[in-house]
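This report concerns only the one structure given below.
There are 2 protein chains.
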Amino acid sequence: MSAPTATEEELLTAEELGRGVRLACQTQALGDCEVDLAEGQEIVVRKDLSKEMLRPFEPAPRVKRIEGELEAPELDDQRSDMLRLSQAGALASCDCRALLSVLHKLPDTLREGDYRVAVTLMDDLLVEIEPLAEAQAPLGVAVDVGTTTVVAYLVDLCTGEFVAASSTQNPQTVHGADVISRIEYGRDTAGGLAALQAEIVGAINRLVGEALAEAGASIEQLYEMTVVGNTAMHHLLLGLDPQYIAQAPYIPVVSQALTLYARDVGIRMHEGGQVFTLPIVAGFVGADTVGVMTATDICNRGPTLAVDIGTNGEIVLWSGERLLCASTAAGPAFEGAKISQGMYASPGAICAADLVDGDLVVRTIGDEPAIGLCGSALFDVTAALLEPGALGINGRLAEDEEGLPAGIAKRMSGEDNGRKVLLANDDDGGAVYLTQRDIREIQLAKGAVRAGIEVLLEEAEISADDLEAVLLAGAFGNQVRPASAVRMGMLPALPPERIEGIGNAAGAGAVLALCSEAERRLACELATRAEHIELATSQSFQMKFMETMLFE
Amino acid sequence: MSAPTATEEELLTAEELGRGVRLACQTQALGDCEVDLAEGQEIVVRKDLSKEMLRPFEPAPRVKRIEGELEAPELDDQRSDMLRLSQAGALASCDCRALLSVLHKLPDTLREGDYRVAVTLMDDLLVEIEPLAEAQAPLGVAVDVGTTTVVAYLVDLCTGEFVAASSTQNPQTVHGADVISRIEYGRDTAGGLAALQAEIVGAINRLVGEALAEAGASIEQLYEMTVVGNTAMHHLLLGLDPQYIAQAPYIPVVSQALTLYARDVGIRMHEGGQVFTLPIVAGFVGADTVGVMTATDICNRGPTLAVDIGTNGEIVLWSGERLLCASTAAGPAFEGAKISQGMYASPGAICAADLVDGDLVVRTIGDEPAIGLCGSALFDVTAALLEPGALGINGRLAEDEEGLPAGIAKRMSGEDNGRKVLLANDDDGGAVYLTQRDIREIQLAKGAVRAGIEVLLEEAEISADDLEAVLLAGAFGNQVRPASAVRMGMLPALPPERIEGIGNAAGAGAVLALCSEAERRLACELATRAEHIELATSQSFQMKFMETMLFE
């Protein structure tokens, strides 16, 4: 095997390289060798979104099922099949049109079903007709396209009940963990944009196929998909060129909500299936953030801050009068990338830590032997190291053990930038460390989020104390301990009871948009109402960032 | 070569069989032989529809072109490309959406065109964007799908000017000259329906390609197509099963106007191209008849009768209060089929005849040696034979020459049902005859049309004298001499000045619908207003038919 390239060193963690994980596109076989294909990493994703997790709403999906019986034609009633159908019962009021494929099957379906039929409508478009006795429930799916993880929630559109859910890693991850590296791949590689689109479309098709299989349903039952995702993921899914997002003045191709034919996007659904993408606000405040605004109905609350900590960190502030939003390059640090032994939240990842009797006590996902650490642990470990002074407010690990509790002291080793803290040791001699460099990444990430919050508070002319609630959305929003997030300074110092994890609120927004046209309109209104504050060029942000990087 | 089969005897004329024309699907090669592939028969079609032939109307096509310049984005104006575009100038009022393909090219088109662009809209859908300097005129095409002939009129949608026209034979003709044999082919042959659709779609694609080539335009400029045609042609073009049209109670699949994506129909146009089919009234009163109603704006006239003599004979009566319509099995006799030496209106066809000094004087298309006779000649010859008594009102040719002018007398030969009239003789010994059996076909055809007219007049409670105008539409509506049509009894006895040939009014209706949304609405209103009188089961029709078959 050739030695790891610079690209591999950048894209793979030290732990992965240690395990022999390699990128097929970068590695040369120098002799006979055995290659194990990587299984999809098992990711613990909060896909157990249940109806109870959604705020109350009135189900009123765009897809409607109508059943009934028609009068058979006679010589003194020679109306065409379609006219007869469109003048019957509930259809008479909607001036409906039909897909050509419905017209193709219309004559036989009417006659074989003895004129008792079930029709499926999207707005005033007839997309399916079935003999009443054989009619299948119409389904919809809400998809959250994360930079790292893709989740699908399958819903019965008649009852509004969840039917199944599935999740997978975003296959574009091989081109880089963050959106910028993917945008660059799409821009700089021939066929790159098409490849990125094919990857995410393929992943969604597989994901939806799994959910349908779990529900024992067929693809022909799937009429509508709603999608949230950040602007880059949104554009890559639709094959839109995101390159102008990545350079000033950061312009997306389209920000409005789109209603598209699934076949045009490459998504496998019912022949008339449509894809609704929630609107986006700006190049780095995407449909996922609009999903969060929608799921929290943020403008119907008191002053509220919502922070979505995914691969990027988007911040939304409802001041009671203005709806402000911004994005920060929190980067994928909180998802484990850029952290030397960081990993996704999968079994064996340290996910929490406490300071107990002067020592660190860590917990891993699945109580497996520790093989790395994931985002939520970063908050706890940082907070726990700050407490006894093992970590200074300037972000430097204590240079000697003097004055530190014995438990912590024993964990520290190395010098200067090689200084590190042992988090866990296993019997085989493997060990998980948090390094000085990791702490610098944490400082940058949390400092960016906090500076963004401060800029929005300043713009809205309110103070942190005025906030009734701080909502933590995102894959590990529920995992982060409010006290740790405050202690390490990512959030303003507020009583922990005002800080609430709300799970995958972006996904919840997609589900609401799937189940109710009113929620879809709400999403569009919120996106229009939102004022985007560009932090990339903000003097105020730069000034605050220098302060908020400190652990105080 | 195997001998002609029964099918060939039915589908080919005696003249064609005499020339050695055979059907490839019916003929077996019994030894070495040479096969000449039939060139497309050169058909003289009135494709020279000019703007002057249309009644005055206000051009307001559905496809609109808007040109303008946008403000370039800046850091304090981060609107997405699409939002920027949709809020600019004339677009701001229409809340426009865009095809995904437009979004794909949007960022580069804006930047390469220095934010000066031309956009093309269909309703509120953006279907094209071009740098202003390279913008091409948007075109539309109106297509008249006749049972026998297909005609396309290409129109510049900005100026409303005709750009080109083309016509061809309907390739489905190989499955039979009339609609019933095609419906039966579709029903009884595996894959028949798909084959019939592929044939007509292919013909339209070739036809439109020819018109575009003539205009030096590309397929990407073609945004909209409007279509007229009888119900069976309409259904076959769209792949809709027409079998229930052919059996009582004669039910079409769909009668409403349809707006379809060209790609769903298989028509080659701009990627976002759409096909608008005019509405139909009944199984045998199709979009072609609605085109006639529209082109004549029939409900804004005094009492008017319109007769469209194509392969079927459709009759429309506007009484001043009610709009009635019916179809008769005039059959393809008037187009030359079922007439022993009948042929389409192509060079060498006898197209007119006069009685001069007691003898027939015939005229052929292109003044070529006569090789057969076409529809318009049937009217003249019949009228000319009736005058001196060579043809009785009961439809029998005079059994002897007694009392007949010498010229006519010399032309008659044969006995009983073999009796025939020589129309033309050529130097090589070839001859064109009208036979007793041909006259029976003429009787059936003209009798059916006339009986239909009488039924509608009776239903409307007006008399023929009340008619301000009788309009003859159809491929040879302009060729038929009013006096002959009255003399042989197809039309009521009205002064010839009230009878007017109006050419391809169905096609004119398609052109109007292409150029104006108001005309499209008019077509829909007329189709809804039209009351269909079913003649197939009408007692009154049967009674009248027995009388109207007579030549009186």
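Sequences listed follow chains X and A, in order.
To convert, note that position 299 of the first sequence is 299 in the working numbering; the numbers rise steadily by one, no gaps.
To convert, note that position 452 of the second sequence is 1452 in the working numbering; the numbers rise steadily by one, no gaps.
By construction, the Cβ of each residue, glycine as well, lies at the ideal position given by its N, Cα and C atoms.
Since the model is a prediction, treat every value here as computed from it, not as a measurement.
- A Cβ of chain X is located within less than 8 Å of the beta carbon of A:I1251.
- A:V1227 has a beta carbon lying at 8 Å or more from every beta carbon in chain X.
- Chain X places no beta carbon closer than 8 Å to that of A:A1003, leaving this residue out of the contacts.
- Per DSSP, the beta-bridge partners of A:E1128 are A:T1120.
- With respect to the C-alpha of X:S319, the residue from X:D308, X:I309, X:R301 having the closest C-alpha is X:R301.
- Neighbourhood of X:S255 in chain A, by CB distance below 8 Å: R1079, S1080, M1082, L1083, in chain order.
- In the structure shown, X:E184 adopts helical secondary structure according to DSSP, grouped into three states.
- Following the DSSP letters along the chain, one finds A:K1420 inside the beta strand (DSSP E) bounded by residues 1420 to 1425.
- Note that the C-beta distance between A:L1278 and A:V1227 is below 8 Å.
- Between the alpha carbons of A:G1507 and X:R268 lies a distance of about 40 Å.
- Contact with chain A is absent for X:D178, since none of that chain's Cβ atoms lies less than 8 Å from the residue's Cβ.
- Taking 8 Å as the threshold, the shortest C-beta distance from X:T120 to chain A does not fall below it.
- Cβ neighbours of A:L1126 within its own chain (closer than 6 Å, five residues either side excluded): C1096, A1098, V1102, V1119.
- Membership of A:S1540 in any beta strand (DSSP E) is not indicated; the residue belongs instead to the alpha helix (DSSP H) covering 1539 to 1548.
- Residue environment analysis places A:V1361 among the exposed positions, since fewer than 16 neighbouring C-beta atoms fall within 10 angstroms of its C-beta.
- Within the same chain, Cβ atoms closer than 8 Å to the Cβ of X:A248 are found at A536, T537, the five residues on either side in sequence being excluded.
- Taking the Cβ atoms as the reference, A:R1322 lies roughly 6 Å from A:A1460, within the contact range of under 8 Å.
- In this structure, X:D156 sits near X:A137, with a CB-CB distance shorter than 8 Å.
- Residue burial annotation: X:V455 is buried, with at least 16 other C-beta atoms found within 10 angstroms of its C-beta.
- Using a CB distance below 8 Å, the part of the stretch 1512 to 1543 of chain A facing chain X consists of H1532, E1534, T1537, ordered along the chain.
- For X:C515, the enclosing alpha helix (DSSP H) covers residues 505 to 515.
- In this structure the stretch 83 to 91 of chain X does not lie against the stretch 241 to 261 of chain X, because fewer than three pairs of beta carbons, one per stretch, are closer than 8 Å.
- Among the bridge pairs identified by DSSP, X:R363 is matched with X:A352.
- Counting only residues of its own chain and dropping the five nearest sequence neighbours on each side, A:A1152 has a CB closer than 6 Å to the CB of V1141, V1143, S1166, L1207, V1208, A1211.
- Annotation for X:K64: no alpha helix (DSSP H) segment contains it, though the beta strand (DSSP E) segment containing it runs 63 to 69.
- If only uninterrupted beta strand (DSSP E) runs of at least 3 residues are considered, those enclosed by the stretch 1212 to 1279 of chain A are 1222 to 1229, 1258 to 1261, 1274 to 1277.
- In the same chain as A:G1389, and ignoring 5 residues on each side of it, the C-beta atoms closer than 8 Å to its own belong to A1398, G1403, L1404, in chain order.
- Nearest Cα to A:Q1436 within the set A:I1442, A:R1419, A:D1426: A:R1419.
- Contact of A:E1074 with chain X by beta-carbon distance below 8 Å involves P249.
- Chain order gives no chain A residues near X:Y185, where near means a beta carbon separation below 8 Å; the closest approach is about 17 Å.
- In the DSSP assignment, X:V449 falls within the alpha helix (DSSP H) that extends over 436 to 460.
- When DSSP states are grouped into helix, strand and coil, X:S376 belongs to the helix group.
- Checking the DSSP bridge columns, you'll see A:F1162 partnered with A:V1155.
- Interface residue (Cβ-Cβ distance to chain A less than 8 Å): X:Y244 is classified as such.
- Relative to the Cα of X:A177, the nearest Cα in the group X:E335, X:D123, X:S93 belongs to X:E335.
- Taking the Cα positions, X:S346 is about 12 Å away from X:Q169.
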